[in-house]
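Report on the structure given below.
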Amino acid sequence: MEDMQIRRELTEDLLSRLVHPEEDVREAAVEALAISTEDEDWRANELIRQNGIEVIADLLDDPNPHIRGAALDIIIAVAATGEGEALIGDGVIAKLDPMLDTDDPVIRKKVVKALWLLVPEVEDTVMMKPQDNY
Numbered sequence: 001m002e003d004m005q006i007r008r009e010l011t012e013d014l015l016s017r018l019v020h021p022e023e024d025v026r027e028a029a030v031e032a033l034a035i036s037t038e039d040e041d042w043r044a045n046e047l048i049r050q051n052g053i054e055v056i057a058d059l060l061d062d063p064n065p066h067i068r069g070a071a072l073d074i075i076i077a078v079a080a081t082g083e084g085e086a087l088i089g090d091g092v093i094a095k096l097d098p099m100l101d102t103d104d105p106v107i108r109k110k111v112v113k114a115l116w117l118l119v120p121e122v123e124d125t126v127m128m129k130p131q132d133n134y
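One point on numbering: in the UniProt record's numbering, the residue at position 68 of the sequence shown is 68, and numbering is uninterrupted.
Structural data, given as structure tokens:
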């Protein structure tokens, strides 16, 4: 129980730093969050619960390529946990599509991986008929 509280507070703190006006603060926070996704106990649910997907998606427009790259790592981690629907619902795909045209090969590779993980989710959502929800 205490561990959950620590994770909740840590996520809240990092999310507040992701919108900080200073680039170095945003960069340190997004990199810390990206590294935390590598922990085998990491779950996307706390990030989703605190509306973190929207904050992460906004970082895809950051001029700093390190910030964009770490944000993509987080998006990939969320998609890999099966929470792609949360990403789709917050408009992440619309932000990823134009990023395919970037000159940065590292960013482009991460965008391709994120879309690869999300596209089956998009197809499922589009193909679902209203009666499928009953």
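Quick reminder that beta carbons are idealized off the backbone N, C-alpha and C, glycines included.
Close-in-space but distant-in-sequence residues of the same chain around residue i (CB under 7 Å, 5 per side omitted)
i           : result
residue 30  : 18, 59, 67, 70, 71
residue 104 : 65
residue 34  : 70, 73, 74
residue 11  : 46, 47, 50, 52
residue 36  : 42
Cβ shell of residue i (< 6 Å), same chain only, five flanking positions each side left out
i           : result
residue 115 : 96
residue 126 : Here residue 126 scores only 43 on pLDDT, less than 50, and its place in the model should not be relied on; the value that follows carries that caveat. So no residue of the chain qualifies.
residue 21  : none
residue 63  : none
Candidates the options: closest to residue i by CA position
i           : options         : result
residue 26  : 42, 48, 65      : 65
residue 82  : 56, 52, 118, 94 : 118
residue 49  : 21, 87, 3       : 87
residue 101 : 93, 92, 111     : 111
residue 41  : 93, 89, 91, 3   : 3
residue 8   : 38, 52, 28      : 52
residue 54  : 37, 39, 78      : 78
residue 38  : 5, 61, 80       : 80
Assumed close pair residue i, residue j - CB separation to whole angstroms, cut-off 8 Å
i           : j          : result
residue 113 : residue 76 : 6 Å
residue 90  : residue 57 : 6 Å
residue 99  : residue 93 : Actually they do not touch by this definition, with Cβ atoms about 11 Å apart.
Residues near residue i by beta carbon distance below 8 Å, same chain, minus five either side
i          : result
residue 32 : 14
residue 24 : none
residue 28 : 17
Cβ-heavy atom distance, residue i to the ligand NAP, below 7 Å
i          : result
residue 39 : As for the ligand NAP, it is missing from this structure, which has no ligand bound.
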